[in-house]
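Residues -30 to -1, 1 to 498 in mature numbering (1 follows the signal peptide of the UniProt record, and there is no 0) are what the sequence shown spells out, letter by letter. Here a beta-carbon is modelled for each residue, glycine too, at the ideal position from N, C-alpha and C. One structure below.
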Amino acid sequence: MVIRRPTRWSRRLPTLLIMSLPRRSFLTLAAGTAAVGSALPITAAAAPPPRLDDPFTLGVASGDPLPDAVVIWTRLAPKPLEAGGMPARTYRVEWQVATDENFRRVVRSGIAPATPDQGHSVHVDVRGLEPGHTYWYRFRQGDHLSPAGRTRTAPAAKSDPARLRWAVTSCQNWEAGYYNAHRHLAAEDLDFVAFLGDYIYEGRPNPNALRTHEGTDEPYSLTDYRNRHAQYRTDLDLQAAHAAHPFICTPDDHEIDNNWADDIPQDPDQQTPEAFRARRIAALQAYWEHMPFRRSSRPDGPDMQIYRAFRFGRLLDVPVLDTRQYRSDQVRTLAEAEAPGRTITGEQQETWLLDRLTSSPARWNVLANQVMWAQNDRTAGPAESFDFDNFDGYRWQRRRLLNEFRQVRNPVIMTGDRHCTWACDLKTDFDHEGAEVVGAEFTGTSITSGGDSDPVAFHRTYDPIMADSPHWRYIDNQRGYLIMEADRKQLTTKLRLVDTVTRPESQVRTAATFVVLDGVPGITDVSA
Ligand SMILES: [Fe+2]
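Given below as structure tokens:
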């Protein structure tokens, strides 16, 4: 083996490690990227930063796939629960992208700075990739090599893929149980994973929980949120899911504060506007630092560009919604929920969404969304009660959007938040049985939130309400995720359930299958 030592930096590698690296190693990479390295904001005169203990404790991830690009991510954190445990210095992180898992054919490589102000996170927007291809990636810092991740680019914009397959996930409260669902998700054959919010929970640690949150209180500061994200990310099943598939993520409320709405916290009597603004800035910064988002989503103060869209050839378009940053505050009564002018998306996002949907050339238009659109009565009989945090609290806007769905080709919504599975037909008016069906909504269950459930008690409560809610086609309250598969004839959704989250292992099974046919709004077939 010829060992090339083109840079001062790679010379610091212990010989033993160099010899153990795969054939086309990082040394080749360093040779090709010395120019990139010299562009980093580190002066040659500065003393090298101190050596690190293993900084790759949080694993690797990829996300936001485009036909020619994907974001690869890691964060240097030798002490994950102690604000990362990094010296306040900039570190250089090498990265490689290869077409094989042994990194014999490296096609892209470079060096990225990991800076203290970004929590030593690394987001590399790898460009110049082939559409619809699988790649492997990894990082190196000093003599530490990260685990390898696998990712996949989107198909070419004008291509017409025969099939796409993805997962729908949300709500992974650490304290509620083990990430068995993620372990099975890692083994699925997927083009991407949609994560629809509640990636972390901001609850204070409960010493009686199955696994206890770090810290002593709810997170408020940037360090608090970094520690909370880092704790979640130490989970090896979650790391495996990220290392196996690119993720498309959007936050919901618990990444910041339960039921927050724009600049209003859950409990305005306990958090001043200034305190909540600082909290939102900290929470969004930590969220960005831990998610494989593109730089265009990097927060600017209290604002983060979360709504965005992904096209998968002519088969699938995925607009990703943000239903927190621009929403009107929650209401308490049905009359208030009907009030004109109330919005859950803000005007600008609504315009963007409707433009995207009505001009989309894709056969399937599948929204990545947080809270339920379909009406969700919680009381049996003629009386009704609603959770006004979801679209039931924004009826004026919901009606307008669902009317617009008539102009959209095969609109389908994937939703998180509910900690239950709710397969629904979307109608222009949920209170009239004969109202037009304009689309379908699949509310996925949760990875852990809610813990192991009692399906008997759930059905005792909700089956009578389902009798009055004919747009509900299937309901369930067990833990797991959805798998969606689109082809030119139909969109098939499978409900995948784990047996338990209270033990760190479980089987997975398909509990129900739902079919939406091309050109036929709503759910055509439910089989369980
Ligand atoms: Fe949740």
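Report yes if the CB atom of residue 107 is closer than 9 Å to the CB atom of residue 82, and no otherwise.
No. Outside cutoff.
Report the residue from 367, 359, 115 and 192 whose alpha carbon sits nearest the alpha carbon of residue 87.
Nearest option by C-alpha distance: 192.
Rounded to a whole number of angstroms, what is the C-alpha to C-alpha distance between residue 265 and residue 440?
Take the alpha-carbon of residue 265 and the one of residue 440: they are about 44 Å apart.
Within 9 Å, strictly: CB atoms of residue 262 and residue 38
Their beta carbons are not under 9 Å apart, which means residue 262 does not touch residue 38 by this criterion.
So, is residue 237 buried or exposed, given that buried needs 16 or more other C-beta atoms within 10 angstroms?
Classification for residue 237: exposed.
Coarse secondary structure for residue 205, derived from DSSP in three states
Coil, per DSSP.
When the Cα atoms are used, what is the spatial distance from residue 231 to residue 400?
Roughly 25 Å separates the two Cα atoms.
Cβ-based burial, residue 90 [other Cβ within 10 Å; buried from 16]
With 16 or more Cβ atoms within 10 Å of its Cβ, residue 90 is classed as buried.
Leaving out five residues before and five after residue 374 in sequence, what residues of the same chain have Cβ atoms less than 8 Å from its Cβ?
The beta carbon of residue 374 is closer than 8 Å to those of 324, 327 and 328 in its chain, skipping five residues each way along the sequence.
Relative to the alpha-carbon of residue 71, which residue among 402, 309 and 104 has its alpha-carbon at the smallest distance?
Among 402, 309 and 104, the Cα nearest to that of residue 71 belongs to 104.
Beta carbon of residue 221 nearer than 9 Å to that of residue 195:
Residue 195 is positioned such that its CB atom lies no closer than 9 Å to that of residue 221.
Determine the burial state of residue 466: buried for a count of at least 16 other Cβ atoms within 10 Å of its Cβ, exposed for fewer.
Buried, because 16 or more other Cβ atoms sit within 10 Å of the Cβ of residue 466.
Verify whether the separation of the beta carbon atoms of residue 342 and residue 313 is less than 9 Å.
Result no, Cβ atoms of residue 342 and residue 313 do not sit closer than 9 Å.
As assigned by DSSP and simplified to three states, the class of residue 526:
The first residue shown for the chain is -30 and the last is 498, placing residue 526 beyond what the model contains.
I'd like the ranges of any beta strand (DSSP E) spanning at least 3 consecutive residues and lying wholly in the stretch 105 to 193.
Fully enclosed beta strand (DSSP E) runs of 3 or longer: 119 to 122, 133 to 139 and 162 to 165.
Going by other Cβ atoms of all chains shown within 10 Å of its Cβ, with 16 needed for buried, is residue 397 buried or exposed?
Buried, because 16 or more other Cβ atoms sit within 10 Å of the Cβ of residue 397.
In the DSSP assignment, the alpha helix (DSSP H) including residue 246 goes from what residue to what residue?
Residues 243 to 260.
I need the boundaries of the beta strand (DSSP E) containing residue 377, first residue and last residue.
Taken as a continuous stretch (DSSP letters only), residue 377 belongs to no beta strand (DSSP E), as it is neither H nor E.
Cβ shell of residue 24 (< 8 Å), same chain only, five flanking positions each side left out:
Result list for residue 24: 48 and 114, in chain order.
Cβ-heavy atom distance, residue 173 to ligand 1, below 8 Å:
For ligand 1, not one heavy atom lies less than 8 Å from the Cβ of residue 173.
What three-state label does DSSP hand residue 2 in the structure shown?
For residue 2, the predicted model reports a pLDDT of 37, less than 50, meaning its position is unreliable; a value from the coordinates is still stated below. Residue 2: helix per DSSP, three-state reduction.
Please confirm whether residue 286 and residue 134 have their CB atoms less than 9 Å apart.
Yes, they are a contact pair.
Using 9 Å as the threshold, is the C-beta distance between residue 235 and residue 254 below it?
With a cutoff of 9 Å on beta-carbon distance, residue 235 and residue 254 are scored as not near each other.
Is it buried or exposed for residue 424, if we count other Cβ within 10 angstroms and need 16 for buried?
With fewer than 16 neighbouring CB atoms inside 10 Å of its own CB, residue 424 falls in the exposed class.
Going along the chain, which residues put their C-beta within less than 5 Å of some heavy atom in ligand 1?
Counting every residue whose Cβ lies closer than 5 Å to a heavy atom of ligand 1, we get 141, 168 and 419.
Here's a check: name, in chain order, each residue in its chain whose Cβ is nearer than 7 Å to the Cβ of residue 405, leaving out the five neighbours to either side.
Non-local beta-carbon contacts of residue 405 in its own chain, meaning distances under 7 Å to residues more than five positions away in sequence, involve 397, 398 and 399 in chain order.
From residue 60 to residue 179, what distance separates their C-alpha atoms?
Roughly 37 Å separates the two Cα atoms.
What does a CB cutoff of less than 7 Å around residue 389 pick up in its chain, not counting 5 residues either side in sequence?
Within the same chain, residue 389 has close Cβ partners 141, 415, 416, 419 and 420.
Is residue 199 near residue 169, with beta carbons less than 9 Å apart?
The answer is yes: Cβ separation under 9 Å.
Distance between beta carbons of residue 293 and residue 340, contact taken as under 8 Å
Between residue 293 and residue 340 the Cβ distance is about 5 Å, and since that is below 8 Å, they are a contact.
Please list the segments of the beta strand (DSSP E) lying wholly inside the stretch 325 to 387, counting only runs of 3 or more residues, in order along the chain.
For the stretch 325 to 387, whole beta strand (DSSP E) runs of length 3 or above, ordered along the chain, are 334 to 338 and 381 to 385.
Residues bridged to residue 49 (per DSSP)
Beta-bridge analysis with DSSP links residue 49 to 54.
Tell whether a beta-carbon distance below 9 Å holds between residue 260 and residue 120.
Cβ distance not < 9 Å, so residue 260 and residue 120 don't count as in contact.
Within 8 Å, do at least three Cβ pairs link the stretch 480 to 492 to the stretch 454 to 463?
Yes: at least three Cβ pairs fall under 8 Å.
Nearest-angstrom Cα separation, counted from residue 77 out to residue 497:
The alpha-carbon atoms of residue 497 and residue 77 are separated by roughly 45 Å.
If I'm right that residue 452 touches residue 30 with Cβ under 8 Å, what's the distance once you round it to whole angstroms?
Residue 452 to residue 30, Cβ: 25 Å. No contact.
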